Amino acid sequence: MGELREQAEKVMATIFGDGVEGDQMIARKIAPEFFDLAGSFCFGGFWSRPQLEIKNRSLVTVSQLAALGRTDELKLHLQGAINVGWTREEILEVLMQTSQYAGIPAAVQALNAAAEIFGED
9 MGELREQAEK
19 VMATIFGDGV
29 EGDQMIARKI
39 APEFFDLAGS
49 FCFGGFWSRP
59 QLEIKNRSLV
69 TVSQLAALGR
79 TDELKLHLQG
89 AINVGWTREE
99 ILEVLMQTSQ
109 YAGIPAAVQA
119 LNAAAEIFGE
129 D
């Protein structure tokens, strides 16, 4: 296992706990090498940079995924945001602000995803 992959594993464990990001995705079953490479680069490369703490990167990721309407990944990262210490209220505030920059439909879609994660579906 390369140094980048080892760092990625540490970061993913911090964010996702025992469930490594992407394990819930059906696509991982048919393209595991892609997920290993992408995860190594993303979490071992970018998420490991010292300029932002993992907690802050988590919230940045949640806001970007919400704005892009990437609901499957958003759900994983919403749980990750909770795991690294963001509160329900802080996360909801970020998702509501999404409406001003990505549109109300994007915010509603993100809030629906959050409702599932918060157990309010």
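Each number in our numbering corresponds to the 1-based position in the sequence shown with 8 added.
Positions of the beta carbon are idealized from the N, C-alpha and C atoms, including for glycine.
Values in this document were obtained by computation on a predicted structure and should not be read as measured data.
field: Runs of alpha helix (DSSP H) lying entirely within the region 22–109, each at least 4 residues, in chain order
entry: Those alpha helix (DSSP H) runs which fall completely within the region 22–109 and span 4+ residues are 35–38, 40–47, 62–76 and 79–91.
field: Candidates 51, 65 and 38, of which the one nearest residue 11 by Cα
entry: Nearest of 51, 65 and 38 to residue 11, Cα basis: 51.
message: Considering Cα atoms alone, identify which of 23, 79 and 41 is closest to residue 93.
response: Measuring from the Cα of residue 93, the nearest candidate turns out to be 23.
query: Okay, do the region 33–53 and the region 14–21 touch, 3+ Cβ pairs below 8 Å being the bar?
result: Using a Cβ-Cβ distance cut-off of 8 Å, the region 33–53 and the region 14–21 are in contact, since at least three pairs of beta carbons, one from each stretch, lie closer than that value.
- request: Take residue 25 and list the residues in its own chain whose beta-carbon comes closer than 8 Å to its own, dropping the five residues that flank it on each side.
  value: Same-chain partners within the cutoff: 91.
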